[in-house]
Amino acid sequence: AQSVTQLGSHVSVSEGALVLLRCNYSSSVPPYLFWYVQYPNQGLQLLLKYTSAATLVKGINGFEAEFKKSETSFHLTKPSAHMSDAAEYFCAVRKAAGNKLTFGGGTRVLVKP
Amino acid sequence: DTAVSQTPKYLVTQMGNDKSIKCEQNLGHDTMYWYKQDSKKFLKIMFSYNNKELIINETVPNRFSPKSPDKAHLNLHINSLELGDSAVYFCASSQERDPRDTQYFGPGTRLTVL
């Protein structure tokens, strides 16, 4: 079975500071990994995904994530937070041979001026 | 030119009623999904259809019945609504030739059961 754990249900950062959202997965095989963002009262939008090519993945809006197999992690970072980054962020995992996308519990990001 | 659309956006109804939520995608994708997001924002897949065929059916009460008239549409019918059905329901679609394919989500339908 595959599962995803996001450490910290809420993260508060100052505008201009580093954003770091943690995601760890458990899977019997190396999975594919996704980060989605959900702005208030909207659907989910893909930020980036790991598809077993480069381990450092760049996404939209200045976000990037690094796949670390040894740590079973796929943490999301952005060097400088912007007010518009305030949203809920979801890490998700999918097995190579499977079909189901399994989501973590989400991390709400609050950006302080 | 919305990619994945859902109607209605909000649905308020009484316990025991039957209601439907509609979903349409214009991306030409083969696979569509229904997800439920509870009040704690936890997202869980309910169903998935590929070319009108049910391929994922999670542990969901049989009061929930998906219907796919064609591969661009996936509707969700809920019978005998209960308080615990209150949630946001998201439709999604993907090309699904590859597990790396991105799923595109609709804006959600907020269902409130009174």
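Residue numbers (this note's numbering), protein chains in the order written: chain A, 1 to 113; chain B, 1 to 114.
Every residue, glycine too, gets a C-beta built ideally from N, C-alpha and C.
Residue i CB to nearest heavy atom of the ligand FAD below 7 Å
i, result
"L81(B)", "The ligand content of the structure shown is nil, which means the ligand FAD is not present either."
Delimiting residues of the beta strand (DSSP E) encompassing residue i
i, result
"A81(A)", "It is not in any beta strand (DSSP E) - A81(A) carries neither H nor E in the DSSP assignment."
"R110(B)", "109–113"
"S3(A)", "3–7"
"I45(B)", "43–50"
"A87(A)", "87–94"
Option nearest residue i by Cα separation, candidates the options
i, options, result
"Q45(A)", "P113(A), W35(A), L18(A), A17(A)", "W35(A)"
"P40(A)", "E88(A), V111(A), K112(A)", "E88(A)"
"T59(B)", "V4(B), K36(B), A72(B), S94(B)", "K36(B)"
"G62(A)", "S3(A), V4(A), L48(A)", "L48(A)"
"V114(A)", "D85(A), S52(A), G8(A)", "For chain A, the structure presents residues 1 to 113; residue 114(A) sits outside this window and is missing."
"K44(B)", "Q95(B), T7(B), S94(B), Y89(B)", "Y89(B)"
"G28(B)", "P99(B), S93(B), T112(B), I21(B)", "S93(B)"
Neighbour-count burial assignment, residue i, 16 or more Cβ in a 10 Å radius
i, result
"I60(A)", "exposed"
"R94(A)", "buried"
"D70(B)", "exposed"
"K78(A)", "buried"
"E24(B)", "buried"
"M15(B)", "exposed"
Neighbourhood of residue i by C-beta, 6 Å cutoff - its chain only, sequence neighbours within 5 removed
i, result
"S68(B)", "Y49, K52, L74"
"Q6(A)", "C23, C91, G104, G105, T107"
"V19(A)", "V13, K78, A81"
Nonlocal neighbours in the same chain, by C-beta distance under 8 Å from residue i, ignoring five residues either side
i, result
"Y50(A)", "Y32, L33, F34, V57, A65, F67, F74"
"P66(B)", "W34, M46, F47, Y49, L54, L74, N75, L76, H77"
"S39(B)", "S86, A87"
"K9(B)", "P107, G108, T109, R110"
4 or more residues per run - each alpha helix (DSSP H) lying fully within the stretch 64–91 of chain B
Qualifying alpha helix (DSSP H) stretches: none in this window.
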